[in-house]
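>
In full-length UniProt numbering, the protein residues as written are 1 to 577.
#1: Can you tell me where the beta strand (DSSP E) with residue 424 in it begins and where it stops?
#2: When you compare the CB positions of residue 232 and residue 354, do they come within less than 8 Å of one another, or not?
#3: Would you say residue 489 touches the ligand HEM, meaning its beta carbon is less than 7 Å from a heavy atom?
#4: Would you check if the region 153-163 and the region 280-299 touch, i.e. whether three or more CB-CB distances between them fall below 8 Å?
#5: Could you pull the start and end residues of the alpha helix (DSSP H) that residue 353 belongs to?
#6: Quickly, what does DSSP pair residue 347 with across the bridge? List them, please.
#7: Just verifying my parser: in three-state terms, what is the DSSP assignment at residue 582?
#8: Based on DSSP bridge pairs, tell me the residues matched to residue 261.
#9: Are the CB atoms of residue 278 and residue 242 nearer to each other than 8 Å?
#10: Which same chain residues end up closer than 6 Å to residue 234 when comparing Cβ atoms and leaving out the 5 residues on each side of it in sequence?
#11: Are residue 273 and residue 182 touching if we call contact CB-CB under 8 Å?
#12: Buried or exposed: residue 409, going by 16 or more other Cβ atoms within 10 Å of its Cβ?
#13: Would the beta-carbon of residue 416 fall within 8 Å of that of residue 59?
#14: Out of 71, 271, 149 and 483, state which residue places its alpha-carbon closest to the alpha-carbon of residue 194.
#15: In this structure, does DSSP put residue 490 in helix, strand or coil?
#16: Are there 16 or more other CB atoms within 10 angstroms of the CB of residue 423, so buried, or fewer, so exposed?
#17: Please specify which runs of the alpha helix (DSSP H), each continuous and at least 4 residues long, are wholly inside the region 57-115, giving them in chain order.
#18: For residue 130, which residues from the same chain have a beta carbon less than 7 Å from its beta carbon, with the 5 sequence-adjacent residues on both sides left out?
#19: Taking 8 Å as the threshold (C-beta atoms), are residue 92 and residue 151 in contact?
#20: According to DSSP, simplified to helix, strand and coil, what is residue 174?
#21: Among 304, 204 and 326, which one has its Cα closest to the Cα of residue 451?
#22: Using 8 Å for Cβ pairs, my map puts residue 486 next to residue 496. What's the rounded Cβ distance?
#23: In this structure, how does DSSP classify residue 131 when only helix, strand and coil are distinguished?
#24: Does the separation of the CB atoms of residue 414 and residue 349 fall below 8 Å?
#25: What is the residue span of the beta strand (DSSP E) that residue 150 lies within?
#26: For residue 195, does the three-state DSSP call read helix, strand or coil?
#27: Could you check where the beta strand (DSSP E) with residue 308 kicks off and where it finishes?
#28: I'd like the span of the alpha helix (DSSP H) that includes residue 448, first residue to last.
#29: Based on DSSP bridge pairs, tell me the residues matched to residue 468.
#30: Taking the alpha helix (DSSP H) that residue 234 falls in, what are its first and last residues?
#31: CB-CB under 7 Å to residue 535, same chain, minus the five flanking residues each way: which ones, in chain order?
#32: Spatial neighbours of residue 24 within its chain, please: C-beta separation below 7 Å, excluding the five flanking residues on both sides.
#33: Residue 87 to residue 394, Cα distance in whole Å?
#34: Any beta carbon of chain C sitting closer than 8 Å to that of residue 434?
#35: Would you call residue 213 buried or exposed, if buried means 16 or more other Cβ atoms sit within 10 Å of its Cβ?
#36: Hey, how far is the Cα of residue 489 from the Cα of residue 362?
Written as structure tokens, this is what we have:
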């Protein structure tokens, strides 16, 4: 473990806190802000927000070290010592039984209770919503929310066969409560065919968006490349972003040596970047406590409202793959609770693990995708600013706070997403003191009342492909195909086909299932994608690429939900199962 020093040397100079020894007078405390005398003293306020990037080769630096560094960047030591609740976002780089205990000890928060969380990119905003309720009710006085990942360092050590010498907590340390909170990540149908990675599922949403929009593959890829290019431009101006390069759209949507295809239509630069070492901390308290601790009010940011909700975790049961009732209901409700419209928020950060997540959320909430005066990110997104697993939104909230205090009177919207467009959390923030108490509302019953689609796990028959994706290996060959298929009764089934480097035709008598056949209704509508290099797209690999369909006309017959071995392509894609 790295030494517990005041400000770690790896913290960039421009991110190190400046602590003043002078007492802040009442007039100085409220510079730039008029705090109404009628303001409830228990009004929640965000008073500290710190971020840190660890770019140097320092294998001794572990996640808790980054949390300590971010905490010291967020708040004065006396504020940290006043923390009575430490809540840690679930981390994947290392296992601690109670990471909050380690952090509390390092920042000398002797009386702090600790809590851990389940997984999900929604967690940081959910923690803010919960903290605001606890502060209002008096269950907490000063809440610190922290998260960090050293995935880049851990991956490099693992590649060299080195085990990190990081802090281990033995069984004498009780596990912090909350680690197993949350809803499941996927349903039976998804798990059965191993459709269990974000890099596979979100491209399925993307294809559904394309088909619903009536776009060709090239039109669509160019458009989402332009969307992501705008995100990269924001990251280039964000001092906390992992990548500071603005990337042209063509370099994003076209595969290349440093931008391989991951799963059609997404290249590497359309995926979240988890190869980062990043940490972020948020500190919330009440107006009364902030005044007592003499925290300058020109750093205050007020959470106005928050909502949480989740869609059905079974992807196959969602009514449409390009819609999210939970985002529509909870995202619009948080704006109503805050008393603003979507047009009235000055800054927005839409959770951006993949382009489809941004497009679905923007459509459901009513946010323009290409408004040059208001990008849909303040950080640059998970590809360019960094995607530290569950903790990205801690960074987006911290960056949002910086943008708001730099523009007094402004308001911002944060959206957060966990799982496969499954778990959602929203928050509206501003620098002006609120005219009402922090508002939150449970909208889950409304979401649960939305229509779903019948899922047929063992469907046998003929159906219509509504979406698909083909994961692509590092050598540029398509590995398999995942498909969402509508049955004649308008139910849905999910299917997977598998390739083999040495395919062989199987006799129907020895096959594990009935024949599985894809016959495009019109050959001109079936394009060969992804763009596999010449000489590699032979046999089953070329077949796997043939699932592209610029309409919804491709039809499938056979037993969906089985794993199939494709035969070489001749007159059309086919497979013996």
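Ideal placement from N, C-alpha and C gives every residue a C-beta, glycine not left out.
Being a predicted model, the structure only gives us computed values, none of them experimental.
On the basis of the supplied data:
#1: 423-430
#2: no
#3: Judged by which ligands are present, the structure shown has none, so any question about the ligand HEM falls away.
#4: no
#5: Careful: residue 353 lies outside any alpha helix (DSSP H) and carries neither H nor E.
#6: 412
#7: Given a span of 1 to 577 for the chain in the structure shown, any question on residue 582 remains unanswerable.
#8: 267
#9: yes
#10: 375, 377 and 380
#11: no
#12: exposed
#13: no
#14: 483
#15: coil
#16: buried
#17: 63-74, 77-81 and 99-107
#18: none
#19: yes
#20: coil
#21: 326
#22: Contact flag wrong, Cβ pair sits at about 17 Å.
#23: helix
#24: yes
#25: 142-150
#26: coil
#27: 302-310
#28: 444-448
#29: 483
#30: 217-236
#31: Below a pLDDT of 50, predicted positions are generally treated as unreliable, and residue 535, at 28, falls in that range; no measurement from the model is reported.
#32: Bear in mind that a pLDDT of 29 at residue 24, under 50, signals an unreliable position, so the model cannot answer this.
#33: 12 Å
#34: Going by chain labels, chain C is absent from the structure shown, which holds only one protein chain.
#35: exposed
#36: 31 Å
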